[in-house]
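Here is the structure we will look at.
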Amino acid sequence: NGYVYHWETFGDIPLVTWLDIKDWFGFEEPAGTKSQKTHSSPRVEIPYWGKYKGDLRSLDLVTVFKKLNLGCELQDADEDKFAVECPWRGEHSDTDQAWTASDTSAVIWCAKNNYPTFKCLHAHCEERSLEQLLAYAELRGVKIDDHCSEMRVWIAGRPSGDGGTPRVVLPSLGKTDSEFANEIGDVLAPKNCWFNYGEQVVTVRVIRLGDVYECFGFYPITSVEAGTNLEQYLQTGRLKRDGAGDEVFVPHSLRREAASYLLSALQLLERLPKVTRFLDTPLPILKDNKIVYPKPGYNADLKCYINPQSPVLSEIGFDDGLRLIEELLDDFCFADDQAKTNAVAKLVSPYCRGLMGWSARMPLWVFEANRERSGKDYLCELIHIVHEGRSSSHPAFENDAELRKKITSALLAGARRMHFGNIRGHVASKALEQAITSKYWEDRILGGNQNQTFPNELEFSMSANFGTTWTADLEHRMISIELFLARENPNDRRFWHPNLHQWAKERRAEILSTLAAFVGRWDTAGRPGGSAPFASFPEWARVVGGIMEACNLGTPHQPSNHGKMAGGDETTEDMKTLYRAAHEQFGSEWASKKQLYELTEQLELFSWWDLDDRKGQTSFGRAINRFNGRHLGGIVLEAGGAKNNRRYRFSLVNNA
Ligand SMILES: [Zn+2]
Numbered sequence: 080n081g082y083v084y085h086w087e088t089f090g091d092i093p094l095v096t097w098l099d100i101k102d103w104f105g106f107e108e109p110a111g112t113k114s115q116k117t118h119s120s121p122r123v124e125i126p127y128w129g130k131y132k133g134d135l136r137s138l139d140l141v142t143v144f145k146k147l148n149l150g151c152e153l154q155d156a157d158e159d160k161f162a163v164e165c166p167w168r169g170e171h172s173d174t175d176q177a178w179t180a181s182d183t184s185a186v187i188w189c190a191k192n193n194y195p196t197f198k199c200l201h202a203h204c205e206e207r208s209l210e211q212l213l214a215y216a217e218l219r220g221v222k223i224d225d226h227c228s229e230m231r232v233w234i235a236g237r238p239s240g241d242g243g244t245p246r247v248v249l250p251s252l253g254k255t256d257s258e259f260a261n262e263i264g265d266v267l268a269p270k271n272c273w274f275n276y277g278e279q280v281v282t283v284r285v286i287r288l289g290d291v292y293e294c295f296g297f298y299p300i301t302s303v304e305a306g307t308n309l310e311q312y313l314q315t316g317r318l319k320r321d322g323a324g325d326e327v328f329v330p331h332s333l334r335r336e337a338a339s340y341l342l343s344a345l346q347l348l349e350r351l352p353k354v355t356r357f358l359d360t361p362l363p364i365l366k367d368n369k370i371v372y373p374k375p376g377y378n379a380d381l382k383c384y385i386n387p388q389s390p391v392l393s394e395i396g397f398d399d400g401l402r403l404i405e406e407l408l409d410d411f412c413f414a415d416d417q418a419k420t421n422a423v424a425k426l427v428s429p430y431c432r433g434l435m436g437w438s439a440r441m442p443l444w445v446f447e448a449n450r451e452r453s454g455k456d457y458l459c460e461l462i463h464i465v466h467e468g469r470s471s472s473h474p475a476f477e478n479d480a481e482l483r484k485k486i487t488s489a490l491l492a493g494a495r496r497m498h499f500g501n502i503r504g505h506v507a508s509k510a511l512e513q514a515i516t517s518k519y520w521e522d523r524i525l526g527g528n529q530n531q532t533f534p535n536e537l538e539f540s541m542s543a544n545f546g547t548t549w550t551a552d553l554e555h556r557m558i559s560i561e562l563f564l565a566r567e568n569p570n571d572r573r574f575w576h577p578n579l580h581q582w583a584k585e586r587r588a589e590i591l592s593t594l595a596a597f598v599g600r601w602d603t604a605g606r607p608g609g610s611a612p613f614a615s616f617p618e619w620a621r622v623v624g625g626i627m628e629a630c631n632l633g634t635p636h637q638p639s640n641h642g643k644m645a646g647g648d649e650t651t652e653d654m655k656t657l658y659r660a661a662h663e664q665f666g667s668e669w670a671s672k673k674q675l676y677e678l679t680e681q682l683e684l685f686s687w688w689d690l691d692d693r694k695g696q697t698s699f700g701r702a703i704n705r706f707n708g709r710h711l712g713g714i715v716l717e718a719g720g721a722k723n724n725r726r727y728r729f730s731l732v733n734n735a
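Counting from 1 along the sequence shown, just add 79 to a position and that's the residue number in the working numbering.
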């Protein structure tokens, strides 16, 4: 209709190299075509090396001399120079005596990656070189090809000589992408280096999620790095005609374009070993009603990849094990015995996943403390170090959308656990509640437009100071580990092991062996179930509760008084003022609640509570009970007396 079309460019114009074009269209350099012509033209003679299928650069000429019963002695190792007995010595003028290594008139050089050289200084041998030497050997029944570690001529399926690296011809005209994918799959499958994880090609390495978090896990291979990654296991290349007209293999890296076809080829995915989970250590697994331990590396029957660097377990005495756990947790100021029992449960739980069933969920672990710097994150990370050998935590999440993204990328990487440090305010997260309880997790993957479902085997934990609140649904799915630091200055503390993380890292084998001993004791006892049920996590309560009780380690459960210590650290400053004033007014005498109300109103402290109102009094009462036993400004608060007649005393801390 006469409309004029214009070409317009927008966006970046991709830069295409000559190599890319050759790759895409599968053609050879004009030079290659020329040599093919050379081959078909009878006028041009085939070079002498064309008689051998072997690659003469890999010829072991020293052995050839030995086969010929001719002398050959190393003369100069730096030059790979050998003195040799010339095969045509009979034609020389001085052949009365037997050959000795001091006769250097004939030599060979066996340079690496190059043709060997033969040189005889005698006049008769002036025209003789490697060509004549090899022909001489062949005439006497020494097959030159047998002494070449590499073949010059391409033989399908034959690996390269240096360590037997398999060779795979890249896709081109006459070789389809699927054929290539099949071959790569067949070569890689037995090597357990590339895996099929959630229908994605992955490798195993340290994964960084965000700025600070890292774990050993599954890393999806990208098309940019696929080529170089492959070259650790095989050699890719193209077939060309050489000067003798033979088809030869020329190493050539897999380029990005072909790599992206390869990575999405079903032929490859089908052949790669399937993996569904990454385990940090060989965990006990209940199989046919027996407890078995898998081997490090890939376990085909379990579809598990177990960190090959995980420590090797050994027999450990039960009491020695208990002492070790005691030492591990000794430096922490647990609020009470239940808190410590729950911490041991946190240590034992990840080890019991193969006993609970992989899909069984576990409670949310909450490390709570009455104040900053009491070691709650340090404790959580310590337990992670025992299991993973490393630890890191995610910063607190801002909202559900952000949390969902974080969980999805953790699952994509095959992460085992997620810890959120220093949660504040009020936690109301549907995503977190779902992640704690659901056996499957569904989310949209970045860059994709379809939802993907993952088995959800993540363990969750978070840390918070007292005063942080959460929904009732979350409260019903957690186990708290409460720390209570009475001392005013956290820096005053003295530790048994100043670098406890390092100490634990060095004792991972013993600590994990202790956990194995716990499991062994439970097994011997007939695998009893735990006595405290947990509606949301029945398998966990049965197995972990059972193991803990069988080993007299207590019963893990949410403390019944949990949540009573309300209020936040924002009251600390006012409390400090009250401590000082109360000590000035009452000395070391006991004061009643009413006396404290008066003093508080007089000093205009805790202005957010109305102490004339019953509700305000209750909140104040809770806050003051929370500070029971705590030091502020060199003064310690003690609460005493019956519930309806509470009394308080503010005395100087005896630092002796
Ligand atoms: Zn000679």
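Just so you know, even glycine gets a beta-carbon here, dropped at the ideal spot from N, CA and C.
In this text, all values refer to a predicted model and were calculated from it rather than measured experimentally.
Rounded to whole angstroms, the Cβ separation of Val732 and Met557 is 34 Å, and the two are not in contact under 8 Å. Collapsing the DSSP output to three states places His466 in a helix. Between ligand 1 and Trp167, a heavy atom-to-CB distance of less than 7 Å is present. In the displayed model, Ile263 falls within a helix according to three-state DSSP. At least one heavy atom of ligand 1 lies less than 7 Å from the C-beta of Ala185. With a cut-off of 8 Å on Cβ pairs, the region 631-640 is not in contact with the region 689-701, counting fewer than three such pairs.
Contact check for His473 against Met497 passes: the beta carbons are separated by less than 8 Å.
Put simply, of Glu310, Met654 and Ser615 the residue whose alpha carbon is nearest the alpha carbon of Tyr676 is Met654. The continuous beta strand (DSSP E) containing Arg284 extends over residues Val280 to Leu288.
Assignment of beta strand (DSSP E) within the region 447-503, counting only whole runs of 3 or more residues, yields 496-502 in chain order. Taking the Cα of Val354 as reference, the smallest distance to any Cα among Ile515, Tyr377 and Val303 is reached at Tyr377. Restricted to the region 630-710, the beta strand (DSSP E) segments that are unbroken, complete and at least 3 residues in length are 669-671, listed in chain order. Your pair Glu618 and Ala439 checks out as a contact, with CB atoms roughly 4 Å apart and the cut at 8 Å.
Per DSSP, the beta bridge partners of Ala543 are Glu447 and Ile502. By the criterion of a C-beta distance shorter than 6 Å, Gly500 is surrounded in its chain by Asp456, Ser472 and Ser542, once the five residues flanking it on both sides are discounted. Residue range Asn530 to Pro534 is occupied by the beta strand (DSSP E) that includes Gln531. The three-state reading of DSSP puts Met435 in helix, counting H, G and I together. Burial of Gln417 is indicated by the presence of at least 16 other C-beta atoms within 10 angstroms of its C-beta. Each of Tyr340, Ala268 and Gly296 was checked against the Cα of Leu313, and the nearest Cα belongs to Ala268. With respect to Ser470, Glu460 sits close: the two C-beta atoms are nearer than 8 Å. Contact check for His226 against His201 fails: the beta carbons are separated by 8 Å or more.
Taking every protein chain shown into account, the CB of Ile502 has 16 or more other CB atoms within 10 angstroms, so this residue is buried. Excluding five sequence positions before and after Lys509, the CB atoms of its chain that fall closer than 7 Å to its own CB belong to Asp479, given in chain order. Ligand 1 has no heavy atom closer than 7 Å to the beta-carbon of Cys151. Judged by pairs of C-beta atoms under 8 Å, the region 345-352 touches the region 271-284, as three or more such pairs exist. At a threshold of 7 Å, His171 counts as near ligand 1, since its beta carbon sits closer than that to one of the ligand's heavy atoms. Runs of the alpha helix (DSSP H) lying entirely within the region 291-378, each at least 4 residues long, are 302-309, 335-342 and 345-350 in chain order. Note that the C-beta distance between Pro375 and Ser389 is below 8 Å. Shortest gap from the CB of Cys199 to any heavy atom of ligand 1: under 7 Å. DSSP places Leu209 in the uninterrupted alpha helix (DSSP H) bounded by Leu209 to Leu218.
Distance from the CA of Ile223 to the CA of Asp134, rounded to the nearest whole angstrom, comes to 10 Å. The continuous beta strand (DSSP E) containing Gly719 extends over residues Ile714 to Gly719. Gly289 is not a Cβ neighbour of Phe357, given a cutoff of 8 Å.
Its Cα nearest to that of His203, the residue Cys165 stands out among Cys165, Val506 and Ile263.
With contact defined as three or more Cβ pairs closer than 8 Å, the region 529-547 and the region 566-581 are not in contact.
Put simply, the backbone Cα of Val280 is about 8 Å away from that of Ser343.
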